[in-house]
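J.: Take a look at this one; I'll ask things after.
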DNA sequence: CTCGCTAGGTCCTAAAGAGGACTTGAGGAC
DNA sequence: GTCCTCAAGTCCTCTTTAGGACCTAGCGAG
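This is how it looks when you write it as structure tokens:
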């Protein structure tokens, strides 16, 4: 009953989108292939071009196809980067390189600024507007030139003020190793906040996203043994490029103090 | 340079969507308030109704507003359920209740079936099509009647065959406690795969999602001490209702064996 | 008072068409 | 050969127009 008449009374653009998706999955067009032009598709499905465009827009938002203005619409390869939340520190400590060495790092800006509200919201001990050192970065695939990640790091003034972290140049090693050195404390605990959402207009532009494509957003809070914040880092990826993997032991008894809450 | 002329040459529907978003953020309309009708908005912004609708569709996909057919468009409350990945077992073991006691559970189906390809893809030791016991569930907010989560559990035949897990009735306690009892093994390790994407047509219908709204999807693999799979569970939420929180210690030295890879 | 009908307002889908912007490739000028 | 120009093909934005579906409130009949 619940899943009975799916598609029977669905709008045309959805039915057509479903059919196109199926044809792509079945391999009628391979990754990289160009789909027929919108006018040709509209004729084939016997509907108007605007409605046809609406159907293609669905697949574009899903990341199944990519439209190039003036050129055509192409099937995209399904490819998700697997990212592990927990091992980032251990691995980088070992070889001391940047965490994402295969990508090209660009520093969009660096310097002091106010703590954004959405960052302060996940901290108990900070207010929006507090002055911190902010480093905004962009990671690009050097092979294709595709932007893969945009993000920022927020470091307390007491650690980063008057240091090279205020300079808009790429740091020589993993960011957290620099912070540890400057702060004289080790990273001891971390908390990640993961949300999926649609991008801001800025993110749409910087990441070159098609309209309607979602992003994955993580805010990473790192603290020292004494509980003080060493760094807050946030990253935004195109959702269709990323899979987060989290591996952990199941504690036989222990329970955490708080119940799930809402904000 | 990178973020200079944002919006200057953006299409109308985007500029209008941005303006509407700003007005909502600034409190011009409170959560629950009805926006002016599309015809009125179109007149106010001096553009056609279809273009106006496209602008509103942006906010709808973002989860900022909700349109009710024949009634109007209303500002939604921003409200994310915080969900912790790590403490689900500890807490449930403590009071033995269902993990999400405040939601109403419905079993959509239960019985044997083939393992879906996207589940097999995250397992090393299973093939798509393997016969397992599948329980599909829907969680609803009893206060509002809103569907909040749709998901499924996959349990090996060796554990669940010929048991009450094949019956489409709600289990009396947390699912994993039932599995532990039937298998005679404890849950020891877990691995979560998080992805954000646009929903399938089925999910759109079951969760009552507006077009273009993304979902968060997790596949949770639970194994016993000996490495055998006890249960694979997957859940899908509307993305604008959920925030995943993950808290963990930073290991001072240890590194995990494998580098990030692609699939 | 209760019930059912109706009218008006609202959002939803669809078509047809015009103009614009972008890319590519062919042909001609140098 | 190299560079430029141009035309064709493609996707992008926006408008105008039409009809349908859905909900609510008000009115009248019983």
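Chains as they are written, first to last, in the working numbering: chain D, 84 to 346; chain V, 84 to 346.
From the three backbone atoms N, C-alpha and C, an ideal C-beta is built for every residue, glycine too.
Should residue 316 of chain D go down as buried or exposed, given a rule of 16 or more other Cβ atoms within 10 Å for buried?
T.: Buried is the call here.
J.: Quick check on the burial criterion: 16 or more other C-beta atoms within 10 angstroms. Buried or exposed for residue 139 of chain V?
T.: By the 10 Å Cβ count, residue 139 of chain V comes out buried.
J.: Do the CB positions of residue 262 of chain D and residue 314 of chain D come within less than 8 Å of each other?
T.: It is a contact, given that the beta carbons lie within the stated cut-off.
J.: Taking only the alpha-carbon atoms, compute the straight-line gap between residue 128 of chain D and residue 99 of chain D and give it to the nearest angstrom.
T.: C-alpha separation (whole angstroms): 8 Å.
J.: Measure the Cβ-Cβ separation of residue 307 of chain D and residue 271 of chain D and say whether it is below 8 Å.
T.: Against a cut-off of 8 Å, the Cβ pair of residue 271 of chain D and residue 307 of chain D comes out as a contact.
J.: Do you know how far the Cα of residue 125 of chain D is from the Cα of residue 134 of chain D?
T.: If you take the alpha carbons of residue 134 of chain D and residue 125 of chain D, they lie about 8 Å apart.
J.: The alpha helix (DSSP H) spanning residue 105 of chain D covers which residue range?
T.: Residue 105 of chain D -> alpha helix (DSSP H) spans 95-108.
J.: Based on DSSP bridge pairs, tell me the residues matched to residue 279 of chain V.
T.: According to DSSP, residue 279 of chain V bridges with V:299.
J.: Would you tell me roughly how many angstroms separate the C-alpha atoms of residue 221 of chain D and residue 191 of chain D, rounded to the nearest one?
T.: Roughly 7 Å separates the two Cα atoms.
J.: I'd like to know whether the C-beta atoms of residue 233 of chain D and residue 290 of chain D end up nearer to each other than 8 Å.
T.: Yes, the Cβ-Cβ distance between residue 233 of chain D and residue 290 of chain D is below 8 Å.
J.: Take the Cβ of residue 154 of chain D as the centre, count every other Cβ of all protein chains shown within 10 Å, and call the residue buried at 16 or more, exposed below.
T.: Exposed is the call here.
J.: Look at the Cβ atom of residue 251 of chain D, then the Cβ atom of residue 193 of chain D, and state whether they are nearer than 8 Å.
T.: In this structure, residue 193 of chain D lies closer than 8 Å to residue 251 of chain D by Cβ.
J.: Rank V:225, V:160 and V:97 by C-alpha distance to the C-alpha of residue 110 of chain V and give the top, closest one.
T.: Selected option, being the one with the closest Cα: V:160.
J.: Name the DSSP bridge partner or partners of residue 320 of chain D?
T.: D:299.
J.: Please report the distance separating the alpha-carbon of residue 87 of chain V from that of residue 116 of chain D.
T.: With a pLDDT of 37 at residue 87 of chain V, under the threshold of 50, the predicted position of this residue should be treated as unreliable, and no value is reported.
J.: Give the DSSP bridge partners of residue 238 of chain D, in chain order.
T.: According to DSSP, residue 238 of chain D bridges with D:216.
J.: Got a sec, what are the start and stop residues for the alpha helix (DSSP H) residue 289 of chain V sits in?
T.: First-last of the alpha helix (DSSP H) with residue 289 of chain V: 284-290.
J.: Quick check on residue 127 of chain V - is its C-beta less than 8 Å from some C-beta in chain D?
T.: Answer no: the Cβ-Cβ gap between residue 127 of chain V and chain D never drops below 8 Å.
J.: How should residue 236 of chain V be labelled, buried or exposed, when 16 other C-beta atoms within 10 angstroms of its C-beta is the threshold for buried?
T.: So residue 236 of chain V ends up on the buried side.
J.: Can you grab the Cα-Cα spacing for the pair residue 329 of chain V / residue 118 of chain V, in whole Å?
T.: Rounded to the nearest angstrom, the two C-alpha atoms are 37 Å apart.
J.: Should residue 242 of chain V and residue 265 of chain V be called a contact, given that it needs their Cβ atoms to be closer than 8 Å?
T.: Cβ distance < 8 Å, so residue 242 of chain V and residue 265 of chain V count as in contact.
J.: Helix, strand or coil: how does DSSP classify residue 266 of chain V here?
T.: Looking at residue 266 of chain V - three-state DSSP - the assignment turns out to be helix.
J.: Using a beta-carbon distance below 8 Å, is residue 328 of chain V in contact with chain D?
T.: Chain D, which has a Cβ nearer than 8 Å to the Cβ of residue 328 of chain V, makes this yes.
J.: Quick one: using the 10 Å Cβ neighbour count with 16 as the cut-off for buried, is residue 295 of chain D buried or exposed?
T.: With 16 or more other Cβ atoms within 10 Å, it is buried.
J.: Among V:166, V:147 and V:311, which one has its Cα closest to the Cα of residue 268 of chain V?
T.: Ranking the options by Cα distance to residue 268 of chain V, first place goes to V:311.
J.: Just how far apart, CA to CA, sit residue 277 of chain D and residue 303 of chain V?
T.: Taking the straight line from one Cα to the other gives about 16 Å.
J.: Residue 286 of chain V and residue 298 of chain V - do their beta-carbons sit closer together than 8 Å?
T.: Cβ distance < 8 Å, so residue 298 of chain V and residue 286 of chain V count as in contact.
J.: Using the beta-carbon count (16 or more within 10 Å), is residue 309 of chain D buried or exposed?
T.: With fewer than 16 other Cβ atoms within 10 Å, it is exposed.
J.: Taking residue 376 of chain D as the reference, which of V:208, V:238 and V:280 has the closest Cα?
T.: Outside the displayed span of chain D (84 to 346) sits residue 376 of chain D, for which this structure offers no information.
J.: Please classify residue 221 of chain V: does DSSP put it in a helix, a strand, or coil?
T.: Correct three-state label for residue 221 of chain V: strand.
J.: Is there at least one Cβ from chain V nearer than 8 Å to residue 106 of chain D's Cβ?
T.: No, residue 106 of chain D lies away from the interface with chain V (no Cβ there is under 8 Å from its Cβ).
J.: Classify residue 144 of chain V: buried if its beta carbon has 16 or more other beta carbons within 10 angstroms, exposed otherwise.
T.: It counts as buried.
J.: For residue 197 of chain D versus residue 213 of chain D, is the C-beta spacing smaller than 8 Å?
T.: Contact flag set, yes.
J.: Can you list, in chain order, the residues of the stretch 274-292 of chain D whose Cβ is nearer than 8 Å to any Cβ on chain V?
T.: Flagged, chain order: 274, 275, 276, 277, 278, 279, 280, 281, 284, 285, 288 and 289.
J.: Taking only beta-carbon positions, decide if residue 253 of chain D is within less than 8 Å of chain V.
T.: No, its Cβ sits nowhere closer than 8 Å to a Cβ of chain V.
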